[in-house]
Amino acid sequence: MIDYFVLYIIIVLLTISVVYYYLDFKEISGLKVKEKFEEKGHRIYLGDALEVLKTEIPSESVDLIFVDPPYNIGKKFADFHDKWPSDEEYAKWAYEWIDECIRVLSPKGTLYVMTSTQAMPYFDLYIRKKLTILSRIIWRYDSSGMQAKKYYGSMYEPILHSVKNVGEYTFNADAIKVEAKTGSQRKLIDYRKAVPTQYNTEKIPGNVWYFPRVRYRMDEYENHPSQKPEALLERIIKASSNKGYVVLDPFAGSFTTCAVAKRLQRMSIGIESQEEYLKIGLRRVFGWHKYNDEKLIPPEKTNVRRNWNGKRIVDKTGELFHAFSEA
Numbered sequence: 002m003i004d005y006f007v008l009y010i011i012i013v014l015l016t017i018s019v020v021y022y023y024l025d026f027k028e029i030s031g032l033k034v035k036e037k038f039e040e041k042g043h044r045i046y047l048g049d050a051l052e053v054l055k056t057e058i059p060s061e062s063v064d065l066i067f068v069d070p071p072y073n074i075g076k077k078f079a080d081f082h083d084k085w086p087s088d089e090e091y092a093k094w095a096y097e098w099i100d101e102c103i104r105v106l107s108p109k110g111t112l113y114v115m116t117s118t119q120a121m122p123y124f125d126l127y128i129r130k131k132l133t134i135l136s137r138i139i140w141r142y143d144s145s146g147m148q149a150k151k152y153y154g155s156m157y158e159p160i161l162h163s164v165k166n167v168g169e170y171t172f173n174a175d176a177i178k179v180e181a182k183t184g185s186q187r188k189l190i191d192y193r194k195a196v197p198t199q200y201n202t203e204k205i206p207g208n209v210w211y212f213p214r215v216r217y218r219m220d221e222y223e224n225h226p227s228q229k230p231e232a233l234l235e236r237i238i239k240a241s242s243n244k245g246y247v248v249l250d251p252f253a254g255s256f257t258t259c260a261v262a263k264r265l266q267r268m269s270i271g272i273e274s275q276e277e278y279l280k281i282g283l284r285r286v287f288g289w290h291k292y293n294d295e296k297l298i299p300p301e302k303t304n305v306r307r308n309w310n311g312k313r314i315v316d317k318t319g320e321l322f323h324a325f326s327e328a
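Every letter in the sequence shown is one number past the one before it in the working numbering, and letter 241, counting from 1, is 242.
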């Protein structure tokens, strides 16, 4: 006598197996769908960062990783709300992708990680157990108008710079030198030397970096709530990679990392969970003009825009830099 229930279960399982087999980059579980795009040494994935890292990126295959994850501060990224139930839950989630980033990082590779000032202590304590932290960098920027009135407002974001092998890693000091005002502007003389000489006119940057935030109507501006400036990524990529190296950004967002990597003749891998931002990457990195019959065009710089929570903002003056008011 055939057990029809058992037969039914077998058929269902076989059907699911076939679906998984033929849909290479489709993840049915959790209704998450992944796609892969590849062109001339650059790869873009649409999908969950952790899942793509686990299933698509081989161990020790990436030379430089820059991570700018959601900060757990309540921002809205297209269909994703950046908020966890607690700091502990956020840290637990972060530790999973940190472990995967360490796995895919090459033996001589470098990892840069950003997060909020509130969450960085969790990251720092965890990463220092697994890698060597070389620098704790402060990205300092200018005010955007409204500031805190009953406490000291945040004017910086922290970055950890760490490596797998402290004895051998890439750091191209000459590629990132900046002006040394003591020598170049003040022209002071160092009398401690046997032959008094003027101080150097260039130096390696310290760990406090000033780069303006990406403003509306800047050429590089994209419609993304936490876009990082190209100059910031240019310094990181020049310092910690060489031409032909593989650069990974698991939370690609506006795809600045990948776009700068391409310009500097590196290969890149970008992972993004939101299709809205995927289209930015296809345009900026691949130069595509169309995706699924939709034209890919840069954002129009009008006088009406929205803040990171989607609320309409009205430009009162029409000038390039100014204070905004919420309508």
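For every residue, glycine included, the Cβ atom is placed at its ideal position computed from N, Cα and C.
Quiz item: For Lys55, which residues of its own chain have a beta-carbon under 7 Å away from its beta-carbon, when the five flanking residues on both sides are left out?
Solution: Taking the sequence shown and counting its residues from 1, one reaches residue 55 at position 54. Cβ neighbours of Lys55 beyond the five flanking positions: Glu101.
Quiz item: Does the Cβ of Gly110 have 16 or more other Cβ atoms within 10 Å, making it buried, or fewer, making it exposed?
Solution: Here residue 110 refers to the residue found at position 109 of the sequence shown. Result: buried.
Practice problem: Determine the extent of the beta strand (DSSP E) in which Leu47 is found, giving its start and end residues. | Solution: Here residue 47 refers to the residue found at position 46 of the sequence shown. Its beta strand (DSSP E) spans residues His43 to Leu47.
Self-check item: CB contact flag (Val167, Leu106, <8 Å)
Solution: Sequence index remark: in the sequence shown, residue 167 carries index 166 (1-based). Sequence index remark: in the sequence shown, residue 106 carries index 105 (1-based). It is not a contact, given that the beta carbons lie outside the stated cut-off.
Practice problem: Measure from the alpha carbon of Arg218 to the alpha carbon of each residue in Tyr96, Glu40 and Glu301, then state which is nearest. | Solution: By 1-based counting over the sequence shown, the position of residue 218 is 217. Among Tyr96, Glu40 and Glu301, the Cα nearest to that of Arg218 is on Glu301.
Self-check item: Complete runs of the alpha helix (DSSP H) confined to the region 35-103 [at least 4 residues]
Solution: 50-57
Quiz item: Can you check whether the CB of Leu265 is closer than 8 Å to the CB of Glu273?
Solution: Taking the sequence shown and counting its residues from 1, the one referred to as residue 273 is at position 272. Taking the sequence shown and counting its residues from 1, the one referred to as residue 265 is at position 264. No, Cβ-Cβ distance for Glu273 and Leu265 is not below 8 Å.
Practice problem: Give the straight-line distance between the Cα atoms of Ile66 and Pro197, rounded to the nearest whole angstrom. | Solution: Reading the sequence shown from its first residue, position 65 is the one you call residue 66. Reading the sequence shown from its first residue, position 196 is the one you call residue 197. Going by the C-alpha atoms only, they are around 43 Å apart.
Self-check item: Completely contained alpha helix (DSSP H) runs for the region 195-249, where each covers 4 or more residues
Solution: 231-241
Quiz item: If we count the other Cβ atoms within 10 Å of its Cβ and call it buried at 16 or more, is Tyr21 buried or exposed?
Solution: Indexing the sequence shown from 1 puts residue 21 at position 20. Any reading at Tyr21 must be qualified, since the residue scores a pLDDT of 46, below 50, and its modelled position is unreliable; no value is offered.
Self-check item: From His290, Met115, Pro251 and Gly75, residue whose alpha carbon lies closest to that of Asp49
Solution: For the purposes of this step, residue 49 is identified with residue 48 of the sequence shown, where counting begins at 1. Considering only alpha carbons, the answer is Pro251.
Quiz item: Would DSSP call Arg284 helix, strand or coil?
Solution: Position 283 of the sequence shown, counted from the first residue, corresponds to residue 284. Arg284 falls in the helix class under three-state DSSP.
Quiz item: Where Ser255 and Lys37 are concerned, what is the direct C-alpha to C-alpha distance, given to the nearest angstrom?
Solution: Against the sequence shown, residue 255 aligns to sequence position 254. Against the sequence shown, residue 37 aligns to sequence position 36. Each residue's alpha carbon lies about 17 Å from the other.
Quiz item: Apart from the five residues just before and just after Lys131, which ones in its own chain have a Cβ nearer than 7 Å to its Cβ?
Solution: If you number the sequence shown from 1, residue 131 lands on position 130. Ile103, listed in sequence order.
Quiz item: Using the rule of at least 16 other Cβ atoms within 10 Å of the residue's Cβ for burial, across every protein chain shown, is Gly31 buried or exposed?
Solution: The residue you call residue 31 lines up with position 30 of the sequence shown. Reliability of the predicted coordinates at Gly31 is poor, the pLDDT of 39 falling under 50, and no value is obtained from them.
Exercise. Could you give the DSSP three-state label for Thr171: helix, strand or coil?
Key: By one-based count along the sequence shown, residue 171 stands at place 170. DSSP places Thr171 in coil when its eight states are reduced to three.
Self-check item: Cα-Cα separation between Thr183 and Ile177, rounded to whole angstroms
Solution: The residue you call residue 183 lines up with position 182 of the sequence shown. The residue you call residue 177 lines up with position 176 of the sequence shown. The alpha-carbon atoms of Thr183 and Ile177 are separated by roughly 18 Å.
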